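Each residue of the sequence shown is one higher than the one before, counting from 1 in full-length UniProt numbering.
Structure first, commentary second.
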Amino acid sequence: MTASRPVTTSQPVNTTQNEDPRMTAQTPAPFSDVVRLDLAGRTALVTGAGSGIGRAIALRLPRAGAHVKALDISAPALEEVTGITGGSSHVVDLSDLDALGRVDLDADVVVNCAGIQHVAPITEFPEEKFSLILRIMLEAPFRIIKAALPGMYERGWGRIINISSVHGLRASEFKSAYVAAKHGLEGLSKVVALEAAAHGVTSNCVNPGYVRTPLVDKQIEAQAAAHDISEDEVLSGVMLASAALKRLVEPEEIAEMAAFLCSPMAASMTGTSLVADGGWSAR
Ligand SMILES: NC(=O)c1ccc[n+]([C@@H]2O[C@H](COP(=O)([O-])OP(=O)(O)OC[C@H]3O[C@@H](n4cnc5c(N)ncnc54)[C@H](O)[C@@H]3O)[C@@H](O)[C@H]2O)c1
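The structure is reproduced here in structure tokens:
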């Protein structure tokens with residue numbers, strides 16, 4: 001069993017994106033905080049905050065004044081993030097629902113982001129891996145939302161942001177657990193939207209196509225090895241084959257969508273899905 005370990009740091013929020021070490025020459029510039037957002041006095045809980053999309057969101061929301069509670073299984077990754085943002089970090093394995101239950105999950109904004117992938121035909125898909133993916137990507141979000149809603153109801157305001165995927169709306173072969181978990185998350189998000197609306201709480205999904213993160217880097221490597229083709233060929237011929245826009249989404253673009261969902265301009269949006277899939281689901 002993994003114990004949760006809250007760590008609070010007192011460093012000030014670093015307000016410049018240029019100090020983000022993931023900003024590379026390939027990153028479309030300039031990435032700026034487009035959405036005007038004031039989350040001063042609000043707490044935002046972000047899972048999967050140690051890497052990729054979760055990390056970008058955990059860096060974005062403090063720039064709007066939020067105190068971030070960063071959750072991840074990786075202590076070093078969390079340390080790096082809270083070194084930039086301040087806030088608190090909680091090392092927890094989301095597949096361990098008992099350990100998750102020992103974390104203080106109260107927050108004004110919840111971002112369910114942590115996720116993993118496993119690619120195999122259904123006939124060969126390991127049963128324990130299917131359960132694990134459902135636990136991390138559907139059951140844990142349910143537990144977190146359930147724990148956070150009472151505080152949101154009391155304060156009359158809350159934002160639930162579920163990082164889904166184009167795979168919450170479309171299927172792909174060999175991703176049975178991932179597609180099932182994301183479709184389940186879409187359903188959960190809609191039920192939350194209906195139940196929580198009267199309390200000033202909205203619930204939405206964000207649905208990226210392929211985003212430039214370690215999760216995708218691993219898939220590109222694996223596909224290149226499996227098909228004996230170059231990583232560039234995997235990107236153009238396999239991963240972006242269904243997308244009209246032949247580029248990876250940047251994590252910062254998804255972070256800005258999360259920021260928008262917290263803004264007053266999104267107050268009427270609930271029970272829906274914001275899609276950034278480069279036109280994949282237009283087919
Ligand atoms: N990258 C993409 O192309 C893409 C596209 C659509 C949706 N998404 C979704 O975005 C989310 C984040 O993906 P990413 O690409 O940033 O991945 P990532 O691998 O870069 O980051 C995932 C984070 O989740 C953490 N994590 C994994 N298992 C955990 C567990 N059991 N307990 C706690 N933390 C755990 C990891 O340590 C990591 O920090 C996922 O839900 C993924 O399905 C990603």
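Glycine is no exception: its CB is placed at the ideal position from the N, C-alpha and C atoms.
As the structure is a prediction and not an experimental result, all values here were calculated from the model.
What is the rounded straight-line gap between the Cα of residue i and the Cα of residue j?
i: residue 135; j: residue 108; result: 23 Å
i: residue 23; j: residue 132; result: Legend: pLDDT at residue 23 = 43, less than 50; position of this residue unreliable, value from coordinates given subsequently. Looking at the two C-alpha atoms, the distance is approximately 32 Å.
i: residue 279; j: residue 164; result: 16 Å
i: residue 116; j: residue 140; result: 13 Å
i: residue 233; j: residue 78; result: 33 Å
i: residue 231; j: residue 156; result: 48 Å
i: residue 177; j: residue 198; result: 33 Å
i: residue 196; j: residue 224; result: 44 Å
i: residue 85; j: residue 57; result: 11 Å
i: residue 121; j: residue 175; result: 8 Å
i: residue 263; j: residue 123; result: 45 Å
i: residue 48; j: residue 158; result: 20 Å
I'd like the list of long-range same chain contacts for residue i, defined as Cβ closer than 6 Å, with 5 residues on each side in sequence excluded.
i: residue 45; result: 69, 107 and 110
i: residue 172; result: none
i: residue 257; result: 206 and 274
i: residue 129; result: 118
By DSSP's criteria, residue i is part of a beta bridge. Which residues make up the other side?
i: residue 191; result: Bridge partners of residue 191: none, in fact.
i: residue 205; result: 162 and 273
i: residue 249; result: 211
Ordered along the chain, which non-local residues of its own chain (more than five positions away) have a Cβ less than 7 Å from that of residue i?
i: residue 142; result: 188
i: residue 183; result: 168
With DSSP as the reference, label residue i as helix, strand or coil.
i: residue 159; result: strand
i: residue 69; result: strand
i: residue 64; result: coil
i: residue 44; result: strand
i: residue 278; result: coil
i: residue 110; result: strand
i: residue 266; result: helix
i: residue 184; result: helix
i: residue 125; result: coil
i: residue 233; result: helix
i: residue 28; result: Caution applies to residue 28, whose pLDDT of 46 falls short of 50 and renders its modelled position unreliable; the value that the coordinates give is listed next. Residue state, collapsed to three classes: coil.
Do residue j and residue i count as a contact pair if the criterion is CB distance below 7 Å?
i: residue 248; j: residue 212; result: yes
i: residue 259; j: residue 35; result: yes
i: residue 166; j: residue 209; result: yes
i: residue 318; j: residue 204; result: Nothing about residue 318 can be read from this structure; the chain reaches only from 1 to 283.
i: residue 145; j: residue 192; result: yes
i: residue 53; j: residue 113; result: yes
Please work out which residues of its chain come closer than 8 Å, Cβ to Cβ, to residue i, disregarding the five sequence neighbours upstream and downstream, and give them in chain order.
i: residue 276; result: 206, 207, 208, 209, 249, 253, 254 and 257
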